[in-house]
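Asker: One structure coming up, written as structure tokens, with questions to follow.
Protein chains: 2
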Amino acid sequence: MARPRKFDEQQVLDTARERFWSGGYAATRMEDIAEATGLGKGSLYGAFGGKRELFHRVFDEYCGSVVDAVSRQLRGNDADAYARLSAHVYAMAAATAADTAHRGCLLAKGAAELAEHDETVAKRARAAIEALQALLEGEIAACQRNGDIAADADPGELAALVLAVLRGIEALGKAGASEETLTDIARTALAVLPRPAH
Amino acid sequence: MARPRKFDEQQVLDTARERFWSGGYAATRMEDIAEATGLGKGSLYGAFGGKRELFHRVFDEYCGSVVDAVSRQLRGNDADAYARLSAHVYAMAAATAADTAHRGCLLAKGAAELAEHDETVAKRARAAIEALQALLEGEIAACQRNGDIAADADPGELAALVLAVLRGIEALGKAGASEETLTDIARTALAVLPRPAH
DNA sequence: CTAATTCTTGACTGGTTCGTCCATAACGCT
DNA sequence: AGCGTTATGGACGAACCAGTCAAGAATTAG
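Below, the structure is given as structure tokens:
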């Protein structure tokens, strides 16, 4: 009954994500996003409300997609749990090293820039971190069931440690650490996880 | 022979650091800093050149002070090396948890916002990280000499792991992790470091 | 005291940016 | 086809902000 949109909302969100990710929130102009998407500013504001709301949408979606991706990587039977965990840690090192532009992770970047003054961003970041922790905890418990990690260790504590290492890899990557260093960290972290006594 | 400055340069740098730290680079206005210091904008520009240069001075100084502080914390004889290392890791967890405003570390925040597009910031962050890594490596080597850490482990690799955990604690703190979680991470990280075989 | 030099103050400029507004376009229902 | 409704696009307004400038103030050498 009314004029339909000419643009795909998801595509606009993707483009906006790229801009916010590269430039940060404050340094990205709405007009950049308008030009990059070919939209007029009126459409942009009409569809998303404003810069802050648009960022919230982007950030929300990004956090969700990160958790989803990890969730998919860590899904499977107990027998392969350790292999999946190992692959996940190495993948983080590789992905961080491959990010030669050092833009890092939008979750970390957005939280660093805005969490202090934006409760919405802070909440969303916290939720994502908690979800990641829970996923890792489940994975470590699976490793324990399969005898790949010492059964007497607290899976929650080990998960928190692994999560810290993963976030640390990301942070060091942004500061310019070499691929070798990052891979070393991944290997060492896996190596120090307590194995069951024979 | 000329009119002397009425302000203390160091005090202005301290105030500027607070502002940049709270608000980030882009969101901090030069006029904020001028008002907070009581200076006129002309004096500010006359003394420091411009916003970017002022931030570089602040960032440089901050990185130096972080490395200095860690260096002081880790200085001492081999017998106390493990105790110092342990105290350092716990101190990071406690300090991060105490930072209820979640402003985190200016090194991480500045690098996240600017390293991608500002080579000076990127270089300085990299140098600071490398210095921290070297300090930790020396400390771990001392622990090994004293028999507190397995002698066959690579001190560089363990140092990189510890550094990743420390940066990870900082990142998780910014995302809202509880003090308990952060302390758990510190304890677990220390617990998994390889001890010498008896 | 005068001159030379550097510092201070705050008004001003030029450019930038968020967000709004409006005339117009596109669509479906009747 | 006509109408109501929603999307479009770009011009516009108002605020903001980095950096400049000029007039005056403080200090010391001579």
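So the protein sequences, as listed, match chains Z and W. Residue numbering for the first sequence follows the numbering used here, starting at 0 and increasing by one per position. Residue numbering for the second sequence follows the numbering used here, starting at 0 and increasing by one per position. Virtual Cβ for every residue (Gly too), placed ideally from N, Cα, C.
Would you kindly report the start and end of the unbroken alpha helix (DSSP H) that includes Tyr-89 of chain Z?
Answerer: Position 90 of the first sequence, counted from the start, is the residue given in the question as residue 89 of chain Z. 80-97 is the span of the alpha helix (DSSP H), which, as asked, contains Tyr-89 of chain Z.
Asker: Spatial neighbours of Leu-12 of chain Z within its chain, please: C-beta separation below 7 Å, excluding the five flanking residues on both sides.
Answerer: By 1-based counting over the first sequence, the position of residue 12 of chain Z is 13. Here the set comprises Arg-56, Val-57, Glu-60.
Asker: Classify Ala-26 of chain W as helix, strand or coil using the three-state DSSP reduction.
Answerer: By 1-based counting over the second sequence, the position of residue 26 of chain W is 27. Three-state DSSP puts Ala-26 of chain W in coil, outside helix and strand.
Asker: Starting from Phe-47 of chain Z, trace the alpha helix (DSSP H) both ways and give me its first and last residue.
Answerer: Position 48 of the first sequence, counted from the first residue, corresponds to residue 47 of chain Z. Run containing Phe-47 of chain Z: 40-47, per the alpha helix (DSSP H) assignment.
Asker: Quick one: using the 10 Å Cβ neighbour count with 16 as the cut-off for buried, is His-101 of chain Z buried or exposed?
Answerer: Here residue 101 of chain Z refers to the residue found at position 102 of the first sequence. His-101 of chain Z should be labelled buried.
Asker: Less than 8 Å between the CB atoms is what I'm expecting for Leu-140 of chain Z and Thr-187 of chain W, so what's the real figure, rounded?
Answerer: Along the first sequence, read from residue 1 onward, the residue named residue 140 of chain Z stands at position 141. Along the second sequence, read from residue 1 onward, the residue named residue 187 of chain W stands at position 188. It is Ala, not Leu, that sits at residue 140 of chain Z in the sequence shown. Going by Cβ atoms, the distance from Ala-140 of chain Z to Thr-187 of chain W rounds to 15 Å, so no, they are not a contact pair.
Asker: If we count Cβ pairs, one from each stretch, closer than 8 Å, do we get three or more for the stretch 37-48 of chain W versus the stretch 65-75 of chain W?
Answerer: Too few Cβ pairs lie closer than 8 Å, so no.
Asker: Give the residues of chain Z in contact with Arg-16 of chain W, contact being defined as C-beta atoms less than 7 Å apart.
Answerer: To locate residue 16 of chain W, count along the second sequence from 1; it is residue 17. Those do not exist, as Arg-16 of chain W stays about 15 Å from chain Z at its closest Cβ, beyond 7 Å.
Asker: Flag this pair as yes or no: are the beta carbons of Leu-73 of chain W and Glu-138 of chain W separated by less than 8 Å?
Answerer: Here residue 73 of chain W refers to the residue found at position 74 when the second sequence is read from its first residue. Here residue 138 of chain W refers to the residue found at position 139 when the second sequence is read from its first residue. Yes. Within cutoff.
Asker: From the DSSP output, in three-state form, read off Gly-155 of chain Z for me.
Answerer: Here residue 155 of chain Z is taken as the residue at index 156 of the first sequence, counted from 1. Gly-155 of chain Z: helix per DSSP, three-state reduction.
Asker: If I'm right that Val-65 of chain W touches Leu-106 of chain W with Cβ under 8 Å, what's the distance once you round it to whole angstroms?
Answerer: Within the second sequence, residue 65 of chain W is the residue found at index 66, counting from 1. Within the second sequence, residue 106 of chain W is the residue found at index 107, counting from 1. Yes, Val-65 of chain W and Leu-106 of chain W are in contact; Cβ-Cβ is about 6 Å, under 8 Å.
Asker: Mind checking which residues open and close the alpha helix (DSSP H) that includes Lys-122 of chain W?
Answerer: For the purposes of this step, residue 122 of chain W is identified with residue 123 of the second sequence, where counting begins at 1. That run of the alpha helix (DSSP H) goes 118-144.
Asker: Check this for me: beta carbons of Ala-196 of chain Z and Gly-175 of chain W, under 8 Å apart or not?
Answerer: For the purposes of this step, residue 196 of chain Z is identified with residue 197 of the first sequence, where counting begins at 1. For the purposes of this step, residue 175 of chain W is identified with residue 176 of the second sequence, where counting begins at 1. Cβ distance not < 8 Å, so Ala-196 of chain Z and Gly-175 of chain W don't count as in contact.
Asker: I believe Leu-181 of chain Z touches Ala-96 of chain Z by the beta-carbon criterion, under 8 Å. Please report the beta-carbon distance rounded to the nearest angstrom.
Answerer: Along the first sequence, read from residue 1 onward, the residue named residue 181 of chain Z stands at position 182. Along the first sequence, read from residue 1 onward, the residue named residue 96 of chain Z stands at position 97. The Cβ separation is near 5 Å, so the contact holds.
Asker: For a cutoff of 8 Å on Cβ pairs, would you count Leu-73 of chain Z as touching chain W?
Answerer: Stepping through the first sequence from its first residue, residue 73 of chain Z is reached at position 74. Not an interface residue.
Asker: Just to confirm, does Ala-141 of chain W get its C-beta within under 7 Å of one of the non-hydrogen atoms of the ligand MG?
Answerer: Among the components of this structure there are no ligands whatsoever, and the ligand MG is therefore not found.
Asker: Listed from N- to C-terminal order along the chain, which residues in the stretch 158-182 of chain W have their beta-carbon within a distance smaller than 9 Å of any beta-carbon of chain Z?
Answerer: So the close ones are Ala-159, Leu-160, Leu-162, Ala-163, Val-164, Leu-165, Arg-166, Gly-167, Ile-168, Glu-169, Ala-170, Leu-171, Lys-173, Ala-174, Gly-175, Ala-176, Thr-180, Leu-181.
Asker: Does the CB of Thr-99 of chain W have a neighbour CB from chain Z at under 8 Å?
Answerer: Walking along the second sequence from the start, residue 99 of chain W turns up at place 100. It does not: the Cβ of Thr-99 of chain W has no partner Cβ on chain Z nearer than 8 Å.
Asker: Assign Arg-4 of chain W to one of three DSSP states: helix, strand, or coil.
Answerer: As a working mapping, residue 4 of chain W is identified with position 5 in the second sequence. DSSP places Arg-4 of chain W in coil when its eight states are reduced to three.
Asker: Please report how far the alpha carbon of Ala-124 of chain Z lies from the alpha carbon of Ala-111 of chain W, in whole angstroms.
Answerer: On the first sequence, residue 124 of chain Z is found 125 positions in, with the first residue counted as 1. On the second sequence, residue 111 of chain W is found 112 positions in, with the first residue counted as 1. Cα to Cα, the separation comes out at about 16 Å.
Asker: Roughly how many angstroms lie between the CA atoms of Cys-62 of chain W and Asn-145 of chain Z, to the nearest whole one?
Answerer: Your numbering for residue 62 of chain W matches position 63 in the second sequence. Your numbering for residue 145 of chain Z matches position 146 in the first sequence. About 45 Å.
Asker: Would Thr-36 of chain W be called buried (16 or more neighbouring beta carbons within 10 Å of its own) or exposed?
Answerer: The sequence position of residue 36 of chain W within the second sequence is 37, counting from 1. Label assigned to Thr-36 of chain W: buried.
Asker: Which value, in whole angstroms, describes the spacing of the CA atoms of Glu-8 of chain Z and His-116 of chain Z?
Answerer: What you label residue 8 of chain Z is simply residue 9 of the first sequence in a count that begins at 1. What you label residue 116 of chain Z is simply residue 117 of the first sequence in a count that begins at 1. Roughly 27 Å between the two C-alpha positions.
Asker: Among the residues of its own chain, which have a CB less than 6 Å from the CB of Tyr-89 of chain W, if the five just before and after it don't count?
Answerer: By one-based count along the second sequence, residue 89 of chain W stands at place 90. Ala-185, listed in sequence order.
Asker: Any Cβ of chain W within less than 8 Å of the Cβ of Pro-154 of chain Z?
Answerer: For the purposes of this step, residue 154 of chain Z is taken as residue 155 along the first sequence, with counting starting at 1. For Pro-154 of chain Z, the answer is no, since every Cβ of chain W falls outside 8 Å of its Cβ.
Asker: Kindly list, in the order they appear in chain Z, the residues whose Cβ is closer than 7 Å to that of Lys-108 of chain W.
Answerer: Indexing the second sequence from 1 puts residue 108 of chain W at position 109. Within chain Z, the residues near Lys-108 of chain W are Ala-111.
Asker: Which chain W residues are close to Gly-23 of chain Z, counting only those with a beta carbon under 7 Å from its beta carbon?
Answerer: On the first sequence, position 24 is the one that residue 23 of chain Z refers to. Correct list: Ala-25, Glu-112.
Asker: Gln-143 of chain W and Ala-150 of chain W: beta carbons closer than 8 Å?
Answerer: The residue you call residue 143 of chain W lines up with position 144 of the second sequence. The residue you call residue 150 of chain W lines up with position 151 of the second sequence. Yes, the pair counts as a contact, with Cβ atoms nearer than the cut-off.
Asker: Closer than 9 Å between beta carbons: that is the criterion. Which residues of the stretch 27-59 of chain W meet it against chain Z?
Answerer: Cβ contacts with chain Z: none found.
Asker: Are Phe-6 of chain Z and Leu-38 of chain Z close, meaning C-beta to C-beta below 8 Å?
Answerer: Within the first sequence, numbered from 1, the residue matching residue 6 of chain Z stands at position 7. Within the first sequence, numbered from 1, the residue matching residue 38 of chain Z stands at position 39. For Phe-6 of chain Z and Leu-38 of chain Z, yes; Cβs fall inside 8 Å.
Asker: Along the chain, where does the alpha helix (DSSP H) containing Glu-115 of chain W start, and where does it finish?
Answerer: By one-based count along the second sequence, residue 115 of chain W stands at place 116. Run containing Glu-115 of chain W: none; DSSP gives neither H nor E here.
Asker: Would you please state the rounded distance, in angstroms, between the beta carbons of Val-164 of chain W and Ala-15 of chain Z? I believe it to be under 8 Å.
Answerer: Numbered from its first residue, the second sequence carries residue 164 of chain W at position 165. Numbered from its first residue, the first sequence carries residue 15 of chain Z at position 16. At roughly 34 Å, the Cβ-Cβ gap does not stay under 8 Å, so Val-164 of chain W and Ala-15 of chain Z are not in contact.
Asker: By the 10 Å Cβ neighbour count, where 16 or more other Cβ atoms means buried, how is Asp-147 of chain Z classified, buried or exposed?
Answerer: Along the first sequence, read from residue 1 onward, the residue named residue 147 of chain Z stands at position 148. Classification for Asp-147 of chain Z: buried.
Asker: In chain order, what residues of the same chain lie with their CB nearer than 7 Å to the CB of Leu-135 of chain Z, ignoring the 5 residues before and after it?
Answerer: On the first sequence, residue 135 of chain Z is found 136 positions in, with the first residue counted as 1. Answer for Leu-135 of chain Z: Ala-158, Val-161, Leu-162, listed in chain order.
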